[in-house]
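Written out below as structure tokens is the structure these notes cover.
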Amino acid sequence: MIYHEFAKFYDDLFDETLYDKWLEYTLRRTNRSDKILDLACGTGRLAVRLSRAGYNVDGADLSEDMLTMADQRAREADQQINFFQLDMRNLSELPSYDNITCFDDSLCYLSSESDLRQTFSQVSTHLKTGGSFLFDVITPYQTDEVYPGYMYNYQDEDRAFMWSSYASESVSHAVEHELTFFLYDGDKNAYDAYNELHKERTYPVDRYSQMLTGAGFSEIQITTNFGEDSFKNDVKRWLFECKKVN
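Take a look at the structure:
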């Protein structure tokens, strides 16, 4: 399952400052008294930050491993956060929210346009009128120009990690990440190897806008650099602010 072994490395591999930037992006577009859902919350880094800032926060993720870490993080931070294990294509067990966030290109892990449309529809259904859906995606520039040939390696005393990225041969604006983990087993005095394949897919910006409009969103604002800069095509990430007006 995606992120089964990756969960053990997640906090070490990702830049802590990114969560501060997602937090600031959210703070500038929402009210701190809002009830907010952090969709695809991972290990809870953003959810805990939002809770500390005064929001009433729920978190949801597909990965049980991630949610275990998220719940532990919230308890250690003395924050009351409800976490739900679910597929973002079906939010039926959740209430309505003032705002919903979904960052770290999590939507790009949906394998088809149909899945993405269904997720947008579910988010719209669970947003209160006037609420905002805030999310980011990697761009076609990222999948087509930046990721192909990308490699990253990490090693410490007990673990090693290798990440290699390739352009998909069958899907436009898609990329595959081959992840290999080596975890030291003291009982065996040897390393256990694990392999995972992660697939991401994105779309041209006008296609996102069409799907969002079809799901009931309007006032769609697309920016770059965590909301600091205006829209550009040749950047790695787009950020979307979408309003539900009806």
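Reminder that position 127 of the sequence shown reads as 127 in full-length UniProt numbering, one-by-one numbering, no gaps.
Ideal Cβ positions, reconstructed from N, Cα and C, are used throughout, including at glycine.
Computed from a prediction, not measured in an experiment: that's the story for all the values here.
When the Cα atoms are used, S124 and A215 turn out to be separated by approximately 7 Å. The DSSP assignment places complete beta strand (DSSP E) segments of no fewer than 3 residues inside the region 172 to 227 at 174 to 185, 190 to 201 and 217 to 223, in order along the chain. If you draw a straight line from the Cα of S106 to the Cα of V245, it is about 24 Å long. Burial check for F231: the Cβ neighbour count within 10 Å stays below 16, so the residue is exposed.
Per DSSP, the unbroken beta strand (DSSP E) holding E241 starts and ends at R237 to K244. Its Cα nearest to that of F9, the residue A160 stands out among S164, D206, L212 and A160. DSSP, read as helix, strand or coil, puts K35 in strand.
With respect to the C-alpha of D87, the residue from P95, N195, A53 and A60 having the closest C-alpha is A60.
Apart from sequence neighbours up to five positions away, the residues of its chain that approach T119 with a beta-carbon distance below 7 Å are M88, R89, L107 and L110, ordered along the chain. Annotated as distal: D34 and Y19, with beta-carbon spacing of 8 Å or more.
In this chain, the beta strand (DSSP E) harbouring T129 covers L127 to I138. Here N99 is buried. Its C-beta has 16 or more other C-beta atoms within 10 Å. Per the coordinates, the alpha-carbon of F226 lies some 15 Å from the alpha-carbon of I220. Residue F84 holds the alpha-carbon nearest to the alpha-carbon of E64 among F84, A74, D78 and A47.
Per DSSP, the beta bridge partners of C102 are F135.
Fewer than three beta-carbon pairs drawn from the region 156 to 170 and the region 125 to 133 are found closer than 8 Å, and the two stretches are therefore not classed as touching.
Closest in C-alpha terms to R52, from the list V235, A74 and G42, comes A74. DSSP lists K35 as the beta-bridge partner residues of N56. The shortest CA-to-CA distance from M151 to any of C242, Y141 and E178 is the one to E178. With distances taken between CA atoms, N153 lies nearest to W163 out of D185, W163, F133 and Q79. M66 is not a Cβ neighbour of T101, given a cutoff of 8 Å. Cβ contact annotation for T180 (same chain, cutoff 6 Å, sequence separation greater than five): M162 and N195, in chain order.
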